[in-house]
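Counting in this note's numbering, the sequence shown runs from 153 upward without gaps.
Positions of the beta carbon are idealized from the N, C-alpha and C atoms, including for glycine.
In this text, all values refer to a predicted model and were calculated from it rather than measured experimentally.
Each remark here refers to the structure printed beneath this line.
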Amino acid sequence: MKVESRIFEILTGFFFIAAIVYTVVTREAVGIACLFLTAGLSLIIGTYYRFVSRRLETRPEDNPDAEVSDGAGDVGFFSPGSYWPIGLAASAAIVGIALAFFYVWLMIIGAVLLLFTIGGLVFEYHIRPASH
């Protein structure tokens with residue numbers, strides 16, 4: 153996570169410098185606020201990654217002498233065939249259309265569908281505990 157934190161620290165510096173230059177050159181309030189807020193948000197992310205990297209063991213990505221084979225192994229479990237992402241995309245599209253045209257009734261339906269599909273995706277492989 154040290155690589156990621158370093159990237160965000162560099163971005164923070166860039167955004168702060170850009171915000172200062174933008175302040176001197178334009179004096180336009182909205183752009184100044186956006187650039188300073190962007191710098192602050194990247195600082196938050198970089199700080200979080202820096203704290204997390206202290207608690208984790210060194211990854212192959214953080215070791216400059218690591219070989220490609222050091223990163224081999226299981227990355228995680230990925231569903232081989234799930235239809236929940238299609239439903240999630242469709243329900244997000246419904247919410248987007250409802251927001252674009254400001255159909256409150258469609259926003260409610262889309263939000264319910266969105267919560268349902270998120271729950272389906274999250275708990276797709278959940279096994280309920282055995283009853284006694």
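Between Gly223 and Ser157, the beta carbon gap of about 19 Å keeps them out of contact (Cβ cut-off 8 Å). Just so you know, the alpha carbons of Met153 and Val256 end up roughly 42 Å apart. Contact check between the stretch 155-172 and the stretch 181-196: three or more CB pairs, one atom from each, fall below 8 Å, which counts as touching. For Thr175, the CB contacts under 7 Å within the same chain, skipping 5 residues up- and downstream, are Ile184 in chain order.
Taken through DSSP and simplified to helix, strand or coil, Glu156 comes out as helix. At a Cβ-Cβ threshold of 8 Å, Ile246 and Leu258 count as neighbours.
Exposure of Phe229 is indicated by the presence of fewer than 16 other C-beta atoms within 10 angstroms of its C-beta. Only exposed fits Thr210, as fewer than 16 other CB atoms lie within 10 angstroms of its CB.
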